[in-house]
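According to full-length UniProt numbering, the sequence shown holds residues 1 to 64 in order. We treat Cβ as the ideally placed atom computed from N, Cα and C, and that holds for glycine. Just below is one structure, and these are the notes that go with it.
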Amino acid sequence: MIVNGKEVKFNEGMNIEELIKKFDLNMDKVVVEVNLEIVSKEKYNEFILNKEDKIEIISFVGGG
Numbered sequence: 001m002i003v004n005g006k007e008v009k010f011n012e013g014m015n016i017e018e019l020i021k022k023f024d025l026n027m028d029k030v031v032v033e034v035n036l037e038i039v040s041k042e043k044y045n046e047f048i049l050n051k052e053d054k055i056e057i058i059s060f061v062g063g064g
């Protein structure tokens, strides 16, 4: 699968929640787009990814 423009090792049956944990990101501070469609946070644990998917993960960072 492609994540943020880079090829990533794919684990069969992986869901979005597992992918976020793999990258050590905070689930409350990211937005995930799969094949040009934003996936709601409520579906992260049930949305199964495929090896052909193109995924964008956008992380929000506070500062000031």
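* Proximity winner among Asn-11, Gly-13 and Asp-24, relative to Asn-57 (alpha-carbon distances) -> Stepping through the sequence shown from its first residue, residue 57 is reached at position 57. Checking the sequence shown, residue 57 turns out to be Ile, not Asn. Of Asn-11, Gly-13 and Asp-24, the residue nearest in Cα terms is Asp-24.
* Asked: Which partner residues of Glu-7 appear in the DSSP bridge assignment?
  -> On the sequence shown, position 7 is the one that residue 7 refers to. Ile-2.
* Thinking Met-1 and Lys-43 are a contact (beta carbons under 8 Å), I'd like their distance in whole angstroms, please. => Against the sequence shown, residue 1 aligns to sequence position 1. Against the sequence shown, residue 43 aligns to sequence position 43. Contact doesn't hold; Cβ gap of about 17 Å is too wide.
* What whole-angstrom Cβ distance do Ile-16 and Phe-47 have, given they're in contact under 8 Å? -> As a first step, residue 16 must be located in the sequence shown, where it is residue number 16. As a first step, residue 47 must be located in the sequence shown, where it is residue number 47. Rounded to whole angstroms, the Cβ separation of Ile-16 and Phe-47 is 5 Å, and the two are in contact under 8 Å.
* **Outcome for Val-31 when other beta-carbon atoms lying within 10 angstroms are tallied against a minimum of 16** => To locate residue 31, count along the sequence shown from 1; it is residue 31. Around the beta-carbon of Val-31, fewer than 16 other beta-carbon atoms lie within 10 Å, marking it exposed.
* To do: Look at the alpha carbon of Ile-38 and the alpha carbon of Lys-54, and state the distance between them as a whole number of angstroms.
  => As a position in the sequence shown, residue 38 is number 38, starting the count at 1. As a position in the sequence shown, residue 54 is number 54, starting the count at 1. Answer to the nearest angstrom: the Cα atoms are 12 Å apart.
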